[in-house]
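Report on the structure given below.
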Amino acid sequence: MWCAVLGASCVISLSPGAGAIASMATGMRFGLRRGYWNIAGLQLGLLLQIAVVAAGLGALLANSTLAFTVIKWFGVAYLVFLGVRQWRASVTDVSGVDGEVAETSGPAMTLRGFLVNASNPKAVVFMLAVLPQFITPSAPLLPQYLIIAATMVAVDVAVMTGYTGLASKVLRLMRSPRQQRATNRTFSGLFFVAATFLATIRRAV
Numbered sequence: 001m002w003c004a005v006l007g008a009s010c011v012i013s014l015s016p017g018a019g020a021i022a023s024m025a026t027g028m029r030f031g032l033r034r035g036y037w038n039i040a041g042l043q044l045g046l047l048l049q050i051a052v053v054a055a056g057l058g059a060l061l062a063n064s065t066l067a068f069t070v071i072k073w074f075g076v077a078y079l080v081f082l083g084v085r086q087w088r089a090s091v092t093d094v095s096g097v098d099g100e101v102a103e104t105s106g107p108a109m110t111l112r113g114f115l116v117n118a119s120n121p122k123a124v125v126f127m128l129a130v131l132p133q134f135i136t137p138s139a140p141l142l143p144q145y146l147i148i149a150a151t152m153v154a155v156d157v158a159v160m161t162g163y164t165g166l167a168s169k170v171l172r173l174m175r176s177p178r179q180q181r182a183t184n185r186t187f188s189g190l191f192f193v194a195a196t197f198l199a200t201i202r203r204a205v
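Numbering (UniProt numbering), first residue to last: 1 to 205.
Next comes the structure, spelled out in structure tokens:
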């Protein structure tokens, strides 16, 4: 059963989404080492989603049009905000960091990562459909959810580290302001695409 959980976790993490875009954008701007702050935030958001499903609130979210809509549009607005911020991001001096990068605190990056995952209601609904398949109702539920959470977080950390590290290589290659600006705007466009995709999602009836 654990191998099935591991396989599902790999598919979920490797699927392109707002978390992957945020990881690559963070890696490009801040590098891998500071990118772990964002990865930590993503995992906190992931743990919240699992906790919501485990507590039975996922069913409420899946069945409440109002709750689903409010969280969805908050997520859309936040992704648009990230897209605008990425578009306007200053370029980075290859020999060091610029003022904007230096002033961006680790906790702020963690909060950003958390909001990216926490504001995605479709992920909660998806987990509500997937996670129960790995649960044995007759056995204690808490240990099972803890194992699932640990597996999903470990896999997601590895995958997001890969995305962040790959993007950090781009930072070293983008030496001219023009190249860096073009890369920033590419990731900005990806945030806008993710926001558009989230906006088109409808609650399953």
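Built from N, CA and C at the ideal position, the CB exists for glycine as well. All figures in this text were calculated on a predicted structure; none of them were measured in a lab.
Within the same chain, show all residues whose beta-carbon is closer than 6 Å to that of residue i, passing over the 5 residues directly before and after it, in chain order.
{"i": "residue 190", "result": "21"}
{"i": "residue 89", "result": "184"}
{"i": "residue 56", "result": "none"}
Tell me, to the nearest whole angstrom, how far the beta carbon of residue i is from that of residue j; I am working on the premise that it is less than 8 Å.
{"i": "residue 164", "j": "residue 32", "result": "5 Å"}
{"i": "residue 151", "j": "residue 13", "result": "Contact flag wrong, Cβ pair sits at about 11 Å."}
Between which two residues does the alpha helix (DSSP H) harbouring residue i extend?
{"i": "residue 89", "result": "No alpha helix (DSSP H) contains residue 89, which DSSP labels as neither H nor E."}
{"i": "residue 201", "result": "Element bounds for residue 201: n/a, residue is neither H nor E."}
{"i": "residue 23", "result": "18-30"}
{"i": "residue 12", "result": "2-14"}
{"i": "residue 118", "result": "106-118"}
Quick check on residue i: buried or exposed, where buried means 16 or more other Cβ atoms within 10 Å of its Cβ?
{"i": "residue 72", "result": "buried"}
{"i": "residue 2", "result": "exposed"}
{"i": "residue 100", "result": "With a pLDDT of only 48 at residue 100, under the threshold of 50, the placement of this residue in the model should not be trusted; the figure read from the coordinates follows. So residue 100 counts as exposed."}
{"i": "residue 196", "result": "exposed"}
{"i": "residue 139", "result": "exposed"}
{"i": "residue 112", "result": "buried"}
{"i": "residue 75", "result": "buried"}
{"i": "residue 93", "result": "Its pLDDT being 46, under 50, residue 93 is placed unreliably by the model, and nothing is read from it."}
{"i": "residue 110", "result": "buried"}
{"i": "residue 158", "result": "exposed"}
{"i": "residue 19", "result": "buried"}
Is the Cβ-Cβ distance between residue i and residue j less than 8 Å?
{"i": "residue 42", "j": "residue 156", "result": "yes"}
{"i": "residue 167", "j": "residue 86", "result": "no"}
{"i": "residue 120", "j": "residue 198", "result": "yes"}
{"i": "residue 160", "j": "residue 39", "result": "yes"}
{"i": "residue 131", "j": "residue 11", "result": "no"}
{"i": "residue 142", "j": "residue 135", "result": "no"}
{"i": "residue 192", "j": "residue 17", "result": "no"}
Going along the chain, which residues of its own chain have a beta-carbon closer than 8 Å to the beta-carbon of residue i, five neighbours each way excluded?
{"i": "residue 147", "result": "2 and 5"}
{"i": "residue 153", "result": "43, 46 and 47"}
{"i": "residue 185", "result": "86 and 87"}
Apart from the five residues just before and just after residue i, which ones in its own chain have a Cβ nearer than 7 Å to its Cβ?
{"i": "residue 187", "result": "21, 24, 25, 28 and 86"}
{"i": "residue 15", "result": "none"}
{"i": "residue 149", "result": "47 and 50"}
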